[in-house]
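Going down the list, the protein sequences come from chains X and A.
Residues 0 to 162 in numbering that gives the first Met the number 0 are what the first sequence spells out, letter by letter.
Residues 0 to 419 in numbering that gives the first Met the number 0 are what the second sequence spells out, letter by letter.
The next block holds one structure in the form of structure tokens; read it before the comments.
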Amino acid sequence: MITEGKAFKYGDNVDTDVIIPARYLNTFDPGALAEHCMEDIDPSFTGSVRPGDIIVAGNNFGCGSSREHAPLAIKACGVPCVIAGTFARIFYRNAINMGLSIIECPEAAAGISAGDQVAVDLEKGIIQNNTTGKTYATKPFPLFLRRIIDAGGLLNAIREDIL
Amino acid sequence: MGMTMTQKILAKHAGLAAVEAGELIEAKLDLVLGNDITAPIAITELEKAGLEKVFDPSKIVLVMDHFMPNKDIESAQLCKQCRGFAGKHAIAHFFDVGEMGVEHALLPERGMVGPGEVVIGADSHTCTYGALGAFSTGVGSTDMACGMASGKLWFKVPPAIKFHLTGKPAKWVGGKDVILSIIGQIGVDGALYKSMEFTGEGLQNLTVEDRLCMANMAIEAGGKNGIFEVDDVTRAYLKDRRAKPYEVYTADADAEYDAVYEIDLSTIQPVVALPHLPANVVPAAEADDRAIDQVVIGSCTNGRIEDMRAAAGVLRGRRVKKGVRCIIVPATQAVYRQAMDEGLFTVFLDAGCAISTPTCGPCMGGHMGILAEGERCVSTTNRNFVGRMGHLTSEIILAGPAVAAASAVLGRVGVPGELS
């Protein structure tokens, strides 16, 4: 799957409290969460993000709380992919389990600026910055993780095993 | 090649003779934990997937602690959903108002976690139980759902960083000062994807409460887990709590570590982490003298009886400074009762503190102590991220209970030694 959109750029240590503040965790309705996505780091995000746009950030993206509401909120905004230098480990698992594509690529994270038009080939792991013309190749997911993503998330994969 | 403590536990639970860092394994789970925020998603996902049975009702724990006692209709609905699920599946370890406590204080206190076990929890501070020599780590709701259904989960075997502890902490220095000092040194992603293993002769000078507080904050360094070598202090703690036999794992002499840090506990000072990262650590005595508005003493990091005693030790015979709101949150019903029986509540009330029923509320900006615009709070919790406790412009300064109590009296960040 190839996706293309505008990049929203953030720095290091974007924590799950700013991705979706705890004051909104009294629900897990994706639409309600999407209304407050990134609110405490970028109040203009929800007003300007369009389906297909991507988030690009520095190191340790998604640190902090284990709330699955964070990848859920990002996905519900229509963002198909997050590119970062590194991801915090719980967010990394949660994103895969929820079917939000994530790519660890320090070079792309550093080289993409806010507002750049970026195309991502999720299967091949290729990131193309159409604004600067630069291309970044990353390692695609190993087979067992692709199976989870292809099954539509971890629960569906397990269901195939159990039932 | 030898294995670390974490690797040995994971190998055993995966049915393998040995594992190495980077290897992907599937491990059997001894306990699966969730709370009123994360469990409802897991329950909904399970039901959506048509998975009607849990692997073992006795190995699932549900603690209603985050928005409890319920703060609004939505959070009441979430708890109601958990209550219904617990009833339907005969989950005995369901903790509701009147019994519940902050989950990571409650489980060790009740002897629900033992050394050598594998525990997952849909809460990032599940890493707390490493204090007892277990492998325990935070996961999301989907992993929790899968754990509840199958009793298994996949893991990537982590590499490790070793912290070799020596010496004895000075007066008013506790586990919080030690772990904040370590995070200040290695950074908020200094242990990313790794296990933090604590060992050395200095361990004997750290209580189980100190260790629970330290393991709790492994996640604030990005760690997958924090784990302490089991010793006589651990065994004494477990003696009256844990009837079930347990297995103790120690690291091999030739286990590989990505880094080894020597920590002399006698050199650790009372410290604070300034906004907005737990790694912004400075000596508490050197923090600025700007006024503070609130102090919170509680949470899964520092809401145990020892923390209550440390706070009361500072507050005894003193008053919270006018204009500062000091909120004490004993983490469990047992801590609450013990603090009351020991007369600590009289100390807190005489000092002008409010005492709350157990809840996670203020720590994550849920309820029971939200900050207004520009307000500053000294808190014994574990995160000082932007907006974590309330308004976007509010500020959190992380500290141990002694520094937090001293700050409440001084009306600014300070240390007990400053009080007359």
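A virtual CB, placed ideally from N, CA and C, is assigned to each residue, including glycine.
Can you name the residues of chain X whose CB is closer than 8 Å to the CB of residue i?
| i | result |
| --- | --- |
| P475/A | For residue 475/A there is no data in the structure shown, the boundaries of chain A being 0 and 419. |
| E44/A | L154 |
| T141/A | E67, N93, N96, M97, G152, L153, L154 |
| D251/A | None at all; the shortest Cβ gap to chain X is about 24 Å. |
| G137/A | S65, I89 |
Quick one: is residue i near chain C, going by C-beta distance under 9 Å?
| i | result |
| --- | --- |
| C145/A | Considering every chain present, this structure includes no chain C. Its protein chains are X and A. |
Name the chain A residues that come within less than 7 Å of residue i, Cβ to Cβ?
| i | result |
| --- | --- |
| F143/X | L23 |
| N59/X | V187, D188, L191, G221 |
At a CB-CB cut-off below 7 Å, which residues of chain X make contact with residue i?
| i | result |
| --- | --- |
| Y192/A | R88 |
| E73/A | N25, T26 |
| A48/A | L154, N155, R158 |
| F66/A | N25 |
| L276/A | N12 |
| R82/A | Near R82/A there are no residues of chain X at all, since even the closest Cβ is about 16 Å away, more than 7 Å. |
Along chain X, which residues have their Cβ under 9 Å away from the Cβ of residue i?
| i | result |
| --- | --- |
| V385/A | D14, D16, V17, D39, I40 |
| G365/A | A21, R22, L24, N25 |
| R382/A | D14, D16, G63, S64 |
| L61/A | Under the 9 Å cutoff, chain X gives no residues; its nearest Cβ is about 15 Å from L61/A. |
Opposite residue i in the DSSP bridges: which residues?
| i | result |
| --- | --- |
| S378/A | V295/A, L397/A |
| V62/A | N34/A, F94/A |
| I24/A | F154/A |
| A159/A | S194/A |
| L370/A | G389/A |
| A353/A | I326/A |
| L164/A | I262/A |
| K8/X | V55/X |
| T43/A | BP columns for T43/A are empty, so no partner. |
| G1/A | A254/A |
| I1/X | D120/X |
| D14/X | C62/X |
For a contact defined as C-beta to C-beta under 9 Å, what are the partners of residue i on chain A?
| i | result |
| --- | --- |
| I76/X | Note that residue 76/X corresponds to Cys in the displayed sequence, not to Ile. Residues of chain A passing the Cβ test: none, with the nearest at roughly 18 Å. |
| C104/X | Neighbours of C104/X on chain A: none; closest Cβ ~16 Å, over 9 Å. |
| T85/X | D188, L191, Y192, G221 |
Examine the ligand ZN and report whether any of its heavy atoms sits within less than 8 Å of the Cβ of residue i.
| i | result |
| --- | --- |
| M307/A | In terms of ligand content, the structure shown is empty, and the ligand ZN therefore cannot be addressed. |
Residues of chain A with CB closer than 8 Å to the CB of residue i, please, in chain order.
| i | result |
| --- | --- |
| C80/X | Per Cβ cutoff of 8 Å: no residues; C80/X is ~18 Å from chain A at best. |
**OP:** Could you pull out every unbroken alpha helix (DSSP H) segment of at least 4 residues lying fully inside the segment 169-233 of chain A, listed in chain order?
**Re:** Listed in chain order, they are 174-185, 207-215.
Original post:
Which residues, taken in chain order from the segment 91-125 of chain A, show a beta carbon closer than 9 Å to some beta carbon of chain X?
Top reply: Listed by position, the residues of the segment 91-125 of chain A near chain X (Cβ gap below 9 Å) are G120, A121, D122, S123, H124, T125.
Subject >> Against chain A: residues of the segment 27-39 of chain X by CB proximity under 7 Å >> reply: Residues passing the 7 Å Cβ filter: F27, D39.
Original post:
Should the segment 325-333 of chain A be regarded as contacting the segment 99-108 of chain A, the criterion being three or more beta carbon pairs within less than 8 Å?
Top reply: Touching, yes, given that three or more Cβ pairs across the two stretches are closer than 8 Å.
Original post:
So does the segment 165-175 of chain A actually touch the segment 27-40 of chain A, counting three or more Cβ pairs closer than 8 Å?
Top reply: Pairwise C-beta distances place the segment 165-175 of chain A out of contact with the segment 27-40 of chain A, as fewer than three of them are shorter than 8 Å.
Original post:
Considering only residues of the segment 57-137 of chain X, which uninterrupted alpha helix (DSSP H) runs meet the minimum length of 4 residues and lie entirely inside it, listed in chain order?
Top reply: Those alpha helix (DSSP H) runs which fall completely within the segment 57-137 of chain X and span 4+ residues are 68-75, 88-97, 105-110.
Original post:
Can you list, in chain order, the residues of the segment 223-244 of chain A whose Cβ is nearer than 7 Å to any Cβ on chain X?
Top reply: In summary, the residues of the segment 223-244 of chain A whose CB is separated from some CB of chain X by less than 7 Å are K223, in the order they occur in the chain.
Subject >> Segments of 3+ residues assigned as beta strand (DSSP E) that fall wholly inside the segment 234-304 of chain A >> reply: Counting only runs of 3 or more, we get 258-263, 270-272, 280-282, 293-297.
Original post:
Whole beta strand (DSSP E) runs in the segment 93-157 of chain A with 3 or more residues, listed along the chain?
Top reply: For the segment 93-157 of chain A, whole beta strand (DSSP E) runs of length 3 or above, ordered along the chain, are 117-120, 134-137, 151-155.
Original post:
Which residues, taken in chain order from the segment 148-161 of chain A, show a beta carbon closer than 7 Å to some beta carbon of chain X?
Top reply: The segment 148-161 of chain A vs chain X, Cβ under 7 Å: A148, S149.
Original post:
Would the segment 62-76 of chain X and the segment 19-32 of chain X be scored as touching if the rule is three or more Cβ pairs under 8 Å?
Top reply: Yes, since at least three Cβ pairs between the segment 62-76 of chain X and the segment 19-32 of chain X fall closer than 8 Å, the two stretches touch.
Subject >> Members of the segment 388-404 of chain A that neighbour chain X once the beta carbon cut-off is set at 7 Å >> reply: Of all residues in the segment 388-404 of chain A, only L391 place a beta-carbon less than 7 Å from a beta-carbon of chain X.
**OP:** Would you be able to state if there are at least three C-beta pairs under 8 Å between the segment 376-385 of chain A and the segment 246-254 of chain A?
**Re:** Flag = no, the segment 246-254 of chain A and the segment 376-385 of chain A do not touch.
Original post:
Do the segment 134-146 of chain A and the segment 211-227 of chain A meet, that is, are 3 or more Cβ pairs less than 8 Å apart?
Top reply: Counting Cβ pairs under 8 Å, three or more are found: they touch.
Original post:
Any contact of the segment 137-154 of chain X with the segment 85-102 of chain X, i.e. 3+ C-beta pairs under 8 Å?
Top reply: Segments in contact, yes.
Subject >> the segment 272-289 of chain A touching the segment 170-185 of chain A, judged by at least three CB pairs closer than 8 Å >> reply: Counting C-beta pairs with one atom in each stretch, the segment 272-289 of chain A and the segment 170-185 of chain A have three or more that are closer than 8 Å, which means they touch.
Subject >> Short-range partners of chain X found in the segment 2-34 of chain A, where Cβ spacing is below 8 Å >> reply: Answer in chain order: L23.
**OP:** Anything in the segment 267-295 of chain A with a Cβ closer than 7 Å to a Cβ of chain X? List those residues in chain order, please.
**Re:** So the list reads L276, given in the order they occur along the chain.
Original post:
Do the segment 53-63 of chain X and the segment 77-87 of chain X make contact, defined as three or more Cβ pairs closer than 8 Å?
Top reply: Touching, yes.
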